[in-house]
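Chains as they are written, first to last, in numbering that gives the first Met the number 0: chain A, 0 to 562; chain B, 0 to 383.
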Amino acid sequence: MIEENVSLPRIHYLNSHYGWKSWLFTTDHKRIGLLYMVSITLMFFLGGFFALLIRLELLTPQADLFTADTYNKFFTLHGVILIFFFLVPSIPATLGNFLIPLMIGAKDVAFPKLNLLSWYIFVIGSLFTLWVVAVGGIDTGWTFYTPYSTTFANTHVIAATLGVFFTGFSSILTGLNFIVTIHKMRAPGLTWFRLPLFIWSMYATSIIQVLATPVLGITMVLVAAERFAKVGIFDPALGGDPVLFQHMFWFYSHPAVYIMILPSLGVVSELISAFTWKRVFGYKFVAVSSLMIAIFSFIVWGHHMYVSSMSIYAGMLFSILSYLVAVPSAVKVFNWTATLYKGSISYDTPMLYALGFIGLFTIGGLTGLFLASMGLDRHLHDTYFVIAHFHLIMVGGAVMGYFGGLHYWWPKMFGRMYPEWWGRLSALILFVGFNLSFFPMFIIGYLGMPRRYHVYAPEFQVLNVMSTAGSSILGVGYLLPLVYFIWSLRYGKVASNPWRAKGLEWETTSPPPPENFLEQPIVTEEAYNYPTRPAQPAKPTGKLTGGLHPSPATATGREAQVV
Amino acid sequence: MRLVTTMTTNSDWMAALGWIPLFPERASANAANVDALYFFMLAVCGVVSILVVSLIFYFAVKYRRRTPDQLAEEAHVPIALEWAWIIIPSLFFMSFFGWGAFVYFKDAKAPEDALEIACTGRQWMWKFQHPDGQREINTLHIPVGKPVKLVMVSEDVIHSMFVPAFRIHMDVVPKRYTEVWFQATKPGTYHMFCSQYCGTEHANMVGSVIVLEPHEYQNWLSGAATGSLALRGEALFNKLACNGCHTGDAEARGPYLPGLYGRNVQLTTGEVVVADENYLRESIIKPGAKIAAGYDNIMPGYDGQLTEEEIIELVAYIKHLGKKYTQFEPVAPPTAPAPRPAGQNPDQTLPTGTVKPTQAPGVMSPAASSTSAPSAEGTTRKPN
């Protein structure tokens, strides 16, 4: 869907200032968003490269390409880089930074300088990690389990934990900035229940970032202290408790899963609405479910530890709480599906990502139910079933959402369209590659192949070959957008609001001016107030009159039609 | 490379046919419970996935934008649906929770008569010590149909004992005993994996559980005995001069150990703890941590001076002590056979060394020493 007769605005945030200083010292949230985008894209391809090497080694049951130590470093770097330096900052720091002020009708975030500082802290953290890669890596796994990480590993653990420690501060400051921005800087008339759902999910994400990340920081410092100064905290040989580490680590890292997925849930809500030209069904339920997920996410960490020697009664409590956190996630899926009903659905690239997301997130979430069950986790713990499950959530969910969002807001960011045909093709390639990569892992996992094995029993080979084949397709799917996005910056068709989407961010020009809005927008309607046409009469009596909002009287259990 | 090449027969013929294995071997009583829950959840979640995905496809095709300006239709979906899809999934989730917790709890505690085998994990091997003194590395021989309890500890980092065919999994933690138990239901050779990442050769910290028919197991036992754990523990107890303080006299400087295992101990802090394996272990390596009421903190700690295997032997000795020290002391084989038949005859298929601590004092020591005693070898072979 390409608009006719649009031209780029004369002044926008990209051409208002020139030179490297105008980027490195900018306090414009849009430019900072782009700085993040470039940084995390580098980290994404680095982490993805390690994934390809891992899959290549797993093509055969023997160790063919790499030694055990090298392989262990690869999966550790893959995890550390993609989780702490790509997934956690991905949507919040790029799309969130770019869009939150635009969506709420503000000039910038609440603390623009703090926002720039967050990016610099992120870069410092990344440099630590890149230094670790350059000087020989780290082999503890991204989970840094003690006492292996504190006493036994011979790799660059301290530098890596410092990298994670620093990037954590970037995450905390970004979250803080967003919370204040959303509270204090909404345009006149933009009440909480008129906010786009993306803002709701970013708000929930920010709460987790601010409250959980400090615990990760503390944990990393303690690991470094024990390793460096032999302070006995986690290593029982020094008088510590190794399981304590797991409690502290997962107290952050389980909520962190929601730092990664909640923003994607918000993006998908936006996409579903924009490509059905419809209000998201059950808006309030979807909005509140984000907050519920954020709150529950803090009290489920023990489900990573059923077989860690933790009390079985604690395990039972964590199990039941883990099932509760699944409810608001399920609510979102059902609401999106219901939104499609009687929509005007178009199949532009972002919508393909959104639909793929719903399918993969559903299956990723449902397989999480298997792992939340104590009886099943006793078999599935630390097998490839776990790997498949969390890649469905993190890659099939978070990354799909990020890519969908990038395509959707690309014309908003740069005023130009990516090539639609290539976009659809790469969405399809990604979906096929993804499924081929990760579905065999569920079977491998139930068969009993443990994670982090570079050699494995021969009966697992066929499925591993399938998975490796899928990952190479996935690699192509990720490279394509990189190429055509860069291409489109110069050659893409000029576009302003090609989707004819609602939302304050589309009210201003594309790309937006440096101050976002030339005059202060005033909000008079709820988000997603798309015009509708009368219901097609399915039966002669189908045309009823009624209010805009459903009344309990019409809730008869079957779908009623109301004009 | 120490990859396990022995495969279960099932996967063998599947591999031969070029089939993709879809389901693991099932060889324990627990496995059937886990699989039943797995299939139940697979069915429920499969139906939900298919429902959601087909609805999406149906809507996506039916309500596609046919003309560029086509608006969405006015639609009213009753809000009661929201509550339906909050409450109904919740009920299913609770059934998953309940069933899962049930499967876990049912098998959380090993039966009283379980055969107890000590397991030590270290970078990068599994070491096993059988009650009768047999030791194995990366191989575990067990009898079919008999509950087996592994009491596990790590010498270095955290490992995890994983036997897929038994559907069991338990972390092996340094300086702390954890337990897991299983009852094999069919003879065969099964994978044993370390599933908690533990360093360079993590992927090679693998082994086999060899499940034998009871008579084969008896044969195997008698082929590899070197003196029971408790016996070796006793020798160590004397060598370390523990008996200097734990004399059993009224004025002894150390607490009286016989009969201690499993009992409540009053501490100087007023707290009461159960003298389980972890307590005994801690009292050996860090005696000052929990001091029994009425005693001074004078015992030297043995942290770092004893290997995990030696600690296991000492704990085994203390666990198997009857009511008096002296009852365990006749180590020499000649005295062993005398009380033995009383404990052994009623159930000859039981492997030796599995006598419960609740049995009459004096039975434990000779029975445990039986495999090392020449006269006992004959009786052990009888069932064959």
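We put the beta carbon where it would ideally sit given N, CA and C, even for glycine.
Please read all numbers here as calculations on a predicted model, not as lab measurements.
Going by DSSP, name the residue or residues bridged to residue i.
| i | result |
| --- | --- |
| Ala291(B) | Leu266(B) |
| Met151(B) | Cys118(B), Thr177(B) |
| Gln128(B) | Ala117(B), Arg134(B) |
| Thr188(B) | Ile209(B) |
| Leu481(A) | Answer is none; Leu481(A) lacks a bridge partner. |
| Thr531(A) | Ala71(B) |
| Ser159(B) | Asp170(B) |
| His140(B) | Ile209(B) |
Could you tell me the alpha carbon to alpha carbon distance between residue i and residue j, rounded to whole angstroms?
| i | j | result |
| --- | --- | --- |
| Ser466(A) | Leu359(A) | 16 Å |
| Phe295(A) | Tyr17(A) | 46 Å |
| Ile260(A) | Gly232(B) | 54 Å |
| Arg339(B) | Ser227(B) | Unreliable positioning characterises Arg339(B) in this predicted model, as indicated by a pLDDT of 37, which lies under 50. The coordinate reading is nonetheless provided below. Taking the straight line joining both Cα atoms gives about 15 Å. |
| Phe274(A) | Ile19(B) | 40 Å |
| Asp107(A) | Pro91(A) | 15 Å |
| Tyr305(A) | Thr523(A) | 51 Å |
| Glu419(A) | Leu478(A) | 16 Å |
| Ala159(A) | Met40(B) | 39 Å |
| Tyr37(B) | Phe369(A) | 7 Å |
| Gly474(A) | Asn434(A) | 13 Å |
| His11(A) | Pro510(A) | 6 Å |
| Arg9(A) | Phe413(A) | 13 Å |
| Gly99(B) | Thr142(A) | 26 Å |
| Lys492(A) | Gly135(A) | 45 Å |
| Pro257(B) | Glu212(B) | 35 Å |
| Leu259(B) | Lys174(B) | 21 Å |
| Thr66(A) | Gly363(A) | 32 Å |
| Ala288(B) | Leu239(B) | 20 Å |
| Ser425(A) | Tyr401(A) | 14 Å |
| Pro539(A) | Tyr483(A) | Note that Pro539(A) scores 49 on pLDDT, short of 50, meaning its location in the model is unreliable; the coordinates nonetheless yield the value given after this. Using only the alpha carbons, I get a separation of about 50 Å. |
Is the beta carbon of residue j closer than 8 Å to that of residue i?
| i | j | result |
| --- | --- | --- |
| Met373(A) | Met291(A) | no |
| Ala183(B) | Ala291(B) | no |
| Ser15(A) | Pro520(A) | no |
| Ser471(A) | Tyr62(B) | no |
| Thr154(A) | Asp138(A) | yes |
| Pro497(A) | Met399(A) | no |
| Pro457(A) | Pro60(A) | yes |
| Val122(A) | Gly174(A) | no |
| Val179(B) | Ser153(B) | no |
| Tyr282(A) | Val76(B) | no |
| Ala186(A) | Leu517(A) | no |
| Asn528(A) | Lys501(A) | yes |
| Leu143(B) | Val208(B) | Note that residue 143(B) is Val in the sequence shown here, rather than Leu. Against a cut-off of 8 Å, the Cβ pair of Val208(B) and Val143(B) comes out as no contact. |
| Leu196(A) | Ser268(A) | yes |
| Ala353(A) | Ile271(A) | yes |
With hydrogens ignored, establish whether the beta-carbon of residue i is closer than 7 Å to any heavy atom of the ligand ZN.
| i | result |
| --- | --- |
| Pro530(A) | The ligand content of the structure shown is nil, which means the ligand ZN is not present either. |
Would you check if the stretch 119-129 of chain B and the stretch 151-160 of chain B touch, i.e. whether three or more CB-CB distances between them fall below 8 Å? Verdict: yes, contact present.
Of the residues that make up the stretch 318-350 of chain A, which ones have a beta carbon closer than 8 Å to any beta carbon in chain B? Across the stretch 318-350 of chain A, CB contacts with chain B closer than 8 Å involve Ser318, Ile319, Tyr322, Leu323, Ala325, Val326, Ala329, Val330, Val332, Phe333, Asn334, Thr336, Ala337, Leu339, Tyr340, Lys341, Gly342, Ser343, Ile344, Ser345, Tyr346, in sequence order along the chain.
What are the residues in the stretch 413-447 of chain A lying within 8 Å of chain B by C-beta distance? Listed in sequence order: Ile442, Tyr445, Leu446, Gly447.
Pull out every residue of the stretch 80-112 of chain B whose Cβ sits closer than 8 Å to any Cβ of chain A, in chain order. Listed in sequence order: Leu80, Glu81, Trp84, Ile85, Pro88, Ser89, Phe92, Met93, Phe95, Phe96, Trp98, Gly99, Ala100, Phe101, Val102, Tyr103, Phe104, Ala107.
At a Cβ cut of 7 Å, what residues of the stretch 488-518 of chain A count as close to chain B, listed as they run along the chain? Correct list: empty, as no residue qualifies.
Chain B contacts made by the stretch 305-316 of chain A, where a contact means CB separation under 8 Å: Residues Tyr305, Val306, Ser307, Ser308, Ile311, Gly314, Met315.
Check whether the stretch 66-86 of chain B touches the stretch 329-342 of chain A, taking contact to mean three or more Cβ pairs, one atom from each stretch, closer than 8 Å. These segments touch.
Interface positions of the stretch 64-97 of chain A facing chain B (Cβ-Cβ less than 7 Å), listed along the chain: Within the stretch 64-97 of chain A, Ala67, Asp68, Asn71 place their CB atoms closer than 7 Å to a CB of chain B, listed in sequence order.
Which residues of the stretch 122-149 of chain B have a Cβ closer than 8 Å to any Cβ of chain A? Give them in chain order. From the stretch 122-149 of chain B, only Gln122 have a Cβ closer than 8 Å to chain A.
Counting only Cβ-Cβ distances shorter than 7 Å, please list the residues of the stretch 350-374 of chain A near chain B, keeping chain order. Answer in chain order: Leu354, Ile357, Gly358, Thr361, Ile362, Leu365, Leu368, Phe369, Ser372, Met373, Gly374.
Below 8 Å, can you find three or more Cβ-Cβ pairs linking the stretch 406-414 of chain A to the stretch 473-490 of chain A? Contact holds: three or more Cβ-Cβ distances are below 8 Å.
At a Cβ cut of 7 Å, what residues of the stretch 290-304 of chain B count as close to chain A, listed as they run along the chain? From the stretch 290-304 of chain B, no residue has a Cβ closer than 7 Å to chain A.
By the 9 Å beta-carbon criterion, what residues does the stretch 377-402 of chain A contribute toward chain B? For the stretch 377-402 of chain A, residues whose beta-carbon sits nearer than 9 Å to a beta-carbon of chain B comprise Arg377, His378, Leu379, His380, Asp381, Thr382.
Give, in chain order, every residue of the stretch 277-294 of chain A whose Cβ lies closer than 8 Å to some Cβ of chain B. If the cut-off is 8 Å between Cβ atoms, the stretch 277-294 of chain A has Lys277, Phe280, Gly281, Phe284 near chain B.
By the 9 Å beta-carbon criterion, what residues does the stretch 520-535 of chain A contribute toward chain B? Listed in chain order, the positions of the stretch 520-535 of chain A with a beta carbon within less than 9 Å of a beta carbon of chain B are Tyr529, Pro530, Thr531, Arg532, Pro533, Ala534, Gln535.
Using 8 Å as the cut-off, can you tell me whether the stretch 434-449 of chain A makes contact with the stretch 170-188 of chain B, which would need three or more C-beta pairs spanning the two stretches below that distance? With a cut-off of 8 Å, the stretch 170-188 of chain B and the stretch 434-449 of chain A do not count as touching, because too few Cβ pairs lie within range.
When you check each C-beta in the stretch 165-177 of chain B against every C-beta of chain A, which residues fall closer than 8 Å? If the cut-off is 8 Å between Cβ atoms, the stretch 165-177 of chain B has Arg166, Ile167, His168, Met169, Asp170, Val172, Pro173, Lys174, Arg175, Thr177 near chain A.
To be precise: take each residue of the stretch 187-220 of chain B, compare its Cβ to all Cβ atoms of chain A, and keep it if any distance is under 9 Å. Which residues remain? Of all residues in the stretch 187-220 of chain B, His190, Phe192, Cys193, Ser194, Gln195, Tyr196, Cys197, Gly198, Thr199, Glu200, His201, Ala202, Asn203, Val205 have a Cβ within less than 9 Å of some Cβ in chain A.
Would you call the stretch 30-49 of chain A and the stretch 69-88 of chain A in contact, with 3 or more CB pairs under 8 Å? Three or more beta-carbon pairs separated by less than 8 Å link the stretch 30-49 of chain A to the stretch 69-88 of chain A, which places the two stretches in contact.
Given a limit of 8 Å on CB to CB distance, which residues of the stretch 47-59 of chain B reach chain A? Val47, Ser48, Val51, Val52, Leu54, Ile55, Phe58, Ala59: these are the residues of the stretch 47-59 of chain B whose beta carbon lies less than 8 Å from some beta carbon of chain A, given in chain order.
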